[in-house]
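When we follow my numbering, the leftmost residue of the sequence shown carries the number 239, and every step to the right adds one. From the three backbone atoms N, C-alpha and C, an ideal C-beta is built for every residue, glycine too. Report on the structure given below.
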Amino acid sequence: MDPEGDREDFIFYFDRLVVLLVEKACEAGLHFSACKVQTPVPNETYNGLCFDGEVSAVVILRGGSCLETGLKRVIPDCRTGRLLIQTSPRTGEPELHFFSLSPDISEHKCVFVLDPQMSSGGSALMAVRVLLDHGVREDRIVFVTYMAGKMGLKRLMGVFPEIKVVVCRVVGDLETRWVEQRYLGC
Numbered sequence: 239m240d241p242e243g244d245r246e247d248f249i250f251y252f253d254r255l256v257v258l259l260v261e262k263a264c265e266a267g268l269h270f271s272a273c274k275v276q277t278p279v280p281n282e283t284y285n286g287l288c289f290d291g292e293v294s295a296v297v298i299l300r301g302g303s304c305l306e307t308g309l310k311r312v313i314p315d316c317r318t319g320r321l322l323i324q325t326s327p328r329t330g331e332p333e334l335h336f337f338s339l340s341p342d343i344s345e346h347k348c349v350f351v352l353d354p355q356m357s358s359g360g361s362a363l364m365a366v367r368v369l370l371d372h373g374v375r376e377d378r379i380v381f382v383t384y385m386a387g388k389m390g391l392k393r394l395m396g397v398f399p400e401i402k403v404v405v406c407r408v409v410g411d412l413e414t415r416w417v418e419q420r421y422l423g424c
């Protein structure tokens, strides 16, 4: 968080932190079933666990892109969709400008929503609403964020009490969006 710190160091440590966030999100949202794993040793099997159903992620653009590296390190074959939600300068309300979601997303057992910072919760509320409109069950959504404002968390959990939220830092409500600027360099 040191503004004088090297950008490459920030990216390296932020990616490591995102891996921990995604692993915690996996604990919160993934389901497993028993399966037999064939080992390289002839005629030897291991009683293990396999994902019970499809797991996918939805990135809230543009900031959510900085969480993708950590996601792919934990779940390399995770299918990823995109939502572009921007705040209207006239009304101050979030507006959906673009979305690209898997056609069978309603059948996925767990859907991660990735956004590095949440202040008021407006974009998060809209993202969850879009997923619900596409048939995703509320209890299958896990919102993953690095920083969240107290008011935004209360709004999100008040409107959608069945979703799970994995957050690294809870901050004041007026925290500026700086993570994506620092990570993406613009």
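Do you know whose CA, among the options, lies nearest residue i's CA?
| i | options | result |
| --- | --- | --- |
| Gly359 | Pro341, Thr307, Glu242, Arg415 | Arg415 |
| Phe350 | Pro332, Thr383, Leu255 | Thr383 |
| Phe336 | Leu321, Gly267, Glu282 | Leu321 |
| Lys392 | Ile379, Ala362, His372 | Ala362 |
| Cys273 | Thr283, Ala266, Gly267 | Thr283 |
| Cys316 | Val293, Gly301, Ser338 | Val293 |
| Gly319 | Ser338, Asp377, Ser326 | Ser338 |
Short of 8 Å in beta carbon distance, which residues of its chain neighbour residue i, apart from the five on each side in sequence? Order them along the chain.
| i | result |
| --- | --- |
| Phe248 | Arg420, Tyr421 |
| Gly387 | Met356, Ser357, Ser358, Gly359, Val408, Val409, Gly410, Asp411, Leu412, Glu413 |
Give every residue of the same chain whose Cβ lies closer than 6 Å to the Cβ of residue i, excluding the five residues on either side of it in the sequence, and list them in chain order.
| i | result |
| --- | --- |
| Leu258 | none |
| Val260 | Gly308, Leu309, Val312 |
| Met385 | Gln355, Arg407, Val409 |
| Asp377 | Glu400 |
| Gly302 | Leu352, Asp353 |
Could you name the residues that DSSP lists as bridge partners for residue i?
| i | result |
| --- | --- |
| Tyr284 | Val275 |
| Ser294 | Arg317, Val349 |
| Ala386 | Met356, Val408 |
| Phe252 | Note: Phe252 sits in no beta bridge, so no partner. |
| Ile379 | Val349 |
Run the CB neighbour count on residue i, radius 10 Å, all protein chains shown included, and call it buried at 16 or more, exposed below.
| i | result |
| --- | --- |
| Pro341 | exposed |
| Cys430 | Beyond the ends of the chain as shown, which are 239 and 424, falls residue 430; an answer cannot be given. |
I'd like the list of long-range same chain contacts for residue i, defined as Cβ closer than 7 Å, with 5 residues on each side in sequence excluded.
| i | result |
| --- | --- |
| Ala263 | Phe350, Val380, Val382, Val404 |
| Ser220 | With the chain running from 239 to 424 in the structure shown, residue 220 is simply not present. |
Less than 8 Å between the CB atoms is what I'm expecting for residue i and residue j, so what's the real figure, rounded?
| i | j | result |
| --- | --- | --- |
| Val296 | Leu255 | The pair is not a contact, with the Cβ atoms about 20 Å apart (cut-off 8 Å). |
| Cys348 | Gly267 | 4 Å |
| Asp290 | Phe270 | 6 Å |
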